[in-house]
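Peer 1: Number 328 marks the last residue of the sequence shown (numbering that gives the first Met the number 0); no jumps.
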Amino acid sequence: MVLLTRKSLKALFLFVILGITSVVYGQTTINDVKSSFNQAVQVEKINPETAISSYEKVIELAEEVGGEEADQIKGQALTRIPKMYYEAAKKHAAAKDYEGSVKMLDASLEGFKALGDNKSAARSLKTILSIRNVQGSTELKKDNFTEALGFYDDALQRDPGYTKGYLGRLLIYDKMVDVIKMEETAVMGLQVCEQKRDHRTAGDIKKVMRTHFFNDAQKAMAEKDYAKAESNLSSSLEYGNNNVIVHYQLGLAQKGQGKWSQAIESFNEALELEQGGIEEKAKIYFELGGAYQAIAQNAQACEAYKNALHGEFAEAAQYQIDNVLKCDK
Numbered sequence: 000m001v002l003l004t005r006k007s008l009k010a011l012f013l014f015v016i017l018g019i020t021s022v023v024y025g026q027t028t029i030n031d032v033k034s035s036f037n038q039a040v041q042v043e044k045i046n047p048e049t050a051i052s053s054y055e056k057v058i059e060l061a062e063e064v065g066g067e068e069a070d071q072i073k074g075q076a077l078t079r080i081p082k083m084y085y086e087a088a089k090k091h092a093a094a095k096d097y098e099g100s101v102k103m104l105d106a107s108l109e110g111f112k113a114l115g116d117n118k119s120a121a122r123s124l125k126t127i128l129s130i131r132n133v134q135g136s137t138e139l140k141k142d143n144f145t146e147a148l149g150f151y152d153d154a155l156q157r158d159p160g161y162t163k164g165y166l167g168r169l170l171i172y173d174k175m176v177d178v179i180k181m182e183e184t185a186v187m188g189l190q191v192c193e194q195k196r197d198h199r200t201a202g203d204i205k206k207v208m209r210t211h212f213f214n215d216a217q218k219a220m221a222e223k224d225y226a227k228a229e230s231n232l233s234s235s236l237e238y239g240n241n242n243v244i245v246h247y248q249l250g251l252a253q254k255g256q257g258k259w260s261q262a263i264e265s266f267n268e269a270l271e272l273e274q275g276g277i278e279e280k281a282k283i284y285f286e287l288g289g290a291y292q293a294i295a296q297n298a299q300a301c302e303a304y305k306n307a308l309h310g311e312f313a314e315a316a317q318y319q320i321d322n323v324l325k326c327d328k
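#1: When the Cα atoms are used, what is the spatial distance from G115 to S136?
#2: If you draw a straight line from the C-alpha of L236 to the C-alpha of D224, how long is it?
#3: Less than 9 Å between the C-beta atoms of N241 and F213, yes or no?
#4: Grouping DSSP H, G and I as helix and E and B as strand, with all else coil, what is G74?
#5: If you count every other CB in all the chains shown that lies within 10 Å of the CB of Y318, and 16 or more means buried, which is it?
#6: Starting from F312, follow the alpha helix (DSSP H) in both directions and report where the run begins and ends.
#7: Taking the CB atoms as reference points, tell me whether S100 and I130 lie closer together than 9 Å.
#8: With 9 Å as the threshold, decide whether the Cβ of G250 is near any Cβ in chain C.
#9: At the level of alpha carbons, what is the spacing between G65 and Q41?
#10: Can you list, in chain order, the stretches of the alpha helix (DSSP H) that have 4 or more residues and sit fully within the stretch 215-248?
#11: What separation, rounded to the nearest whole angstrom, lies between the Cα atoms of Y291 and Y238?
#12: Going along the chain, which residues of its own chain have a beta-carbon closer than 8 Å to the beta-carbon of K195, five neighbours each way excluded?
#13: Can you name, in chain order, every residue of its own chain whose Cβ lies under 6 Å from the Cβ of V341, other than the five neighbours on each side?
#14: Less than 8 Å between C-beta atoms, sequence neighbours within five positions excluded: which residues of the same chain meet that for I127?
#15: Please say whether G167 and A147 have beta carbons closer to each other than 9 Å?
#16: Assuming Y284 is part of the alpha helix (DSSP H), what are its boundary residues?
#17: Rounded to the nearest angstrom, how far is the Cβ of A216 from that of A228, given a contact under 8 Å?
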């Protein structure tokens, strides 16, 4: 039988305690870091948000182990986290949880910027703007103007160069019939479109404006408010509504105010744009004849009335020629 001395018993006790400590607490190794990373990769395919937590744990373990290999794995984990936020955002968007998606995208944007990955950061921002556009459009359809404006305001705060944000605002103000805000928004939007060379959105902005002013002009004409009609038709022209109908109606509005010279100019513009036959032109010639007649330019009036001798205007034009002006035959 072997007898243990006090000294040897103390040594054995320390050995056992140290052994238990290493078992209980363990010691993180590079293999643990690798294993944790591989597990995170597998989780990616199932749940991107859970994968984010897994990669954060990998980083924690790598920092605990230290060394070149651990640092490399940590770097890989850092690059994966923003991508997982982006993937999580897609899942939220698919479920129509747009605010949840934007939250994930904001995190991905911050992560990509920290990594110097500007291309991916731009993609995250672009996706946020697209979501805000969808949200704004949806609220506009419900006539929730305040909410709709809030989404477009957020988009433009994030990116003042987001041209569709101005178009969205414009559509809201159009529905609100806030002409002052419409004009302010259109001017700003067209400036940004020019800077961005976004011809398509610029065209959409102009279309909204010219349609709004043209429709207002129709109401004014029906109410015989010729000054307002002229103003709206002129604005519609400024936004590209350069067609025969606008020039013809502009002539009528000017004629209604006794602006004969301007009316003559507008009717002549309408004739240049009219692609139809003699019957389509007859009504323009008839009004042109009346404008010339009002300022005693009878020769020009006679010529215009003779060109109006077609279709429904034939009888009225003939009467002016024979009985009023007594034009040469």
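Glycine included, every Cβ here is placed at the ideal spot set by N, Cα and C.
Peer 2: Taking the coordinates as given:
#1: Your numbering for residue 115 matches position 116 in the sequence shown. Your numbering for residue 136 matches position 137 in the sequence shown. One Cα belongs to G115, the other to S136, and the distance between them is close to 33 Å.
#2: Counted from its first residue, the sequence shown places residue 236 at position 237. Counted from its first residue, the sequence shown places residue 224 at position 225. Approximately 18 Å, taken between the alpha carbons.
#3: As a first step, residue 241 is located in the sequence shown; it is residue number 242 there, counting from the start. As a first step, residue 213 is located in the sequence shown; it is residue number 214 there, counting from the start. In this structure, F213 does not lie closer than 9 Å to N241 by Cβ.
#4: Counting from one through the sequence shown, the residue named residue 74 turns up at place 75. DSSP places G74 in the helix class (H, G or I) of the three-state scheme.
#5: On the sequence shown, position 319 is the one that residue 318 refers to. Exposed: under 16 other Cβ atoms inside 10 Å.
#6: The residue labelled residue 312 in the question sits at position 313 within the sequence shown. Careful: F312 lies outside any alpha helix (DSSP H) and carries neither H nor E.
#7: Indexing the sequence shown from 1 puts residue 100 at position 101. Indexing the sequence shown from 1 puts residue 130 at position 131. For S100 and I130, yes; Cβs fall inside 9 Å.
#8: In the structure shown, chain C cannot be found, because there is only a single protein chain.
#9: Numbered from its first residue, the sequence shown carries residue 65 at position 66. Numbered from its first residue, the sequence shown carries residue 41 at position 42. So the alpha carbons of these two residues sit roughly 24 Å apart.
#10: The stretch 215-248 contains these whole alpha helix (DSSP H) runs: 225-237.
#11: Start at 1 with the first residue of the sequence shown, and residue 291 comes out as number 292. Start at 1 with the first residue of the sequence shown, and residue 238 comes out as number 239. The alpha-carbon atoms of Y291 and Y238 are separated by roughly 29 Å.
#12: Taking the sequence shown and counting its residues from 1, the one referred to as residue 195 is at position 196. Correct list, in chain order: G160 and T162.
#13: Absent from the structure is residue 341, since the part of the chain shown begins at 0 and ends at 328.
#14: Within the sequence shown, numbered from 1, the residue matching residue 127 stands at position 128. Correct list, in chain order: V101, L104, D105, L108, A154 and R157.
#15: By one-based count along the sequence shown, residue 147 stands at place 148. By one-based count along the sequence shown, residue 167 stands at place 168. Yes, these two residues count as a Cβ contact at 9 Å.
#16: Along the sequence shown, read from residue 1 onward, the residue named residue 284 stands at position 285. Residues I277 to A293.
#17: Translated into positions along the sequence shown, residue 216 becomes position 217. Translated into positions along the sequence shown, residue 228 becomes position 229. Distance from A216 to A228 at the Cβ level is roughly 5 Å; contact confirmed, criterion being Cβ atoms closer than 8 Å.
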